[in-house]
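J.:
In the working numbering, the protein residues as written are 90 to 195.
(1) Mapping the DSSP letters down to three states, classify residue 133 as helix, strand or coil.
(2) Would you tell me roughly how many angstroms separate the C-alpha atoms of residue 189 and residue 92, rounded to the nearest one?
(3) What whole-angstrom Cβ distance do residue 168 and residue 182 have, given they're in contact under 8 Å?
(4) Could you give the C-beta distance for residue 162 and residue 186, rounded to a whole number, given that I count them as a contact under 8 Å?
(5) Is residue 149 near the ligand MG - that is, is its Cβ less than 8 Å away from at least one heavy atom of it?
(6) Would you mind sorting residue 165 into buried or exposed? The rule is 16 or more other CB atoms within 10 Å of its CB.
(7) What residue from 173, 177 and 134 has the CA that sits closest to residue 195's CA?
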């Protein structure tokens, strides 16, 4: 309704002298209000894990966390194979490995 009329009047007033096409500045809230759409939960999860050049800070954080979890899991698997490991340390390593499996499962 009103936002479309505002954009139309803005487009008419921002025409260039050499180019008669309507011009609208895209970096303003009114444009985002006109083109906003609900995003399903599954897409939000995808964008959280998406690590492309335009991804969010949360996606980068999740990516780093997953990378560290993979490294810790590999280290735990290697340490479990060391002979003569004290039982207490072995138990801690197994709990760490369990935590990693839970992270990878979720």
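Even for Gly, the Cβ is constructed at its ideal location relative to N, Cα and C.
T.: Concretely, from the data shown:
(1) In the chain shown, the residue the question calls residue 133 occupies position 44. When DSSP states are grouped into helix, strand and coil, residue 133 belongs to the helix group.
(2) What you label residue 189 is simply residue 100 of the chain shown in a count that begins at 1. What you label residue 92 is simply residue 3 of the chain shown in a count that begins at 1. When the Cα atoms are used, residue 189 and residue 92 turn out to be separated by approximately 49 Å.
(3) Translated into positions along the chain shown, residue 168 becomes position 79. Translated into positions along the chain shown, residue 182 becomes position 93. Between the beta-carbon of residue 168 and that of residue 182 there is about 5 Å, and that keeps the pair under the 8 Å contact cut.
(4) Your numbering for residue 162 matches position 73 in the chain shown. Your numbering for residue 186 matches position 97 in the chain shown. With a beta-carbon spacing of about 6 Å, residue 162 and residue 186 fall inside the 8 Å limit used to define contacts.
(5) Within the structure as shown, the ligand MG is missing, as the structure has no ligands at all.
(6) To locate residue 165, count along the chain shown from 1; it is residue 76. With 16 or more other Cβ atoms inside 10 Å of its own Cβ, residue 165 counts as buried.
(7) By 1-based counting over the chain shown, the position of residue 195 is 106. For the set 173, 177 and 134, the Cα lying nearest the Cα of residue 195 is the one of 134.
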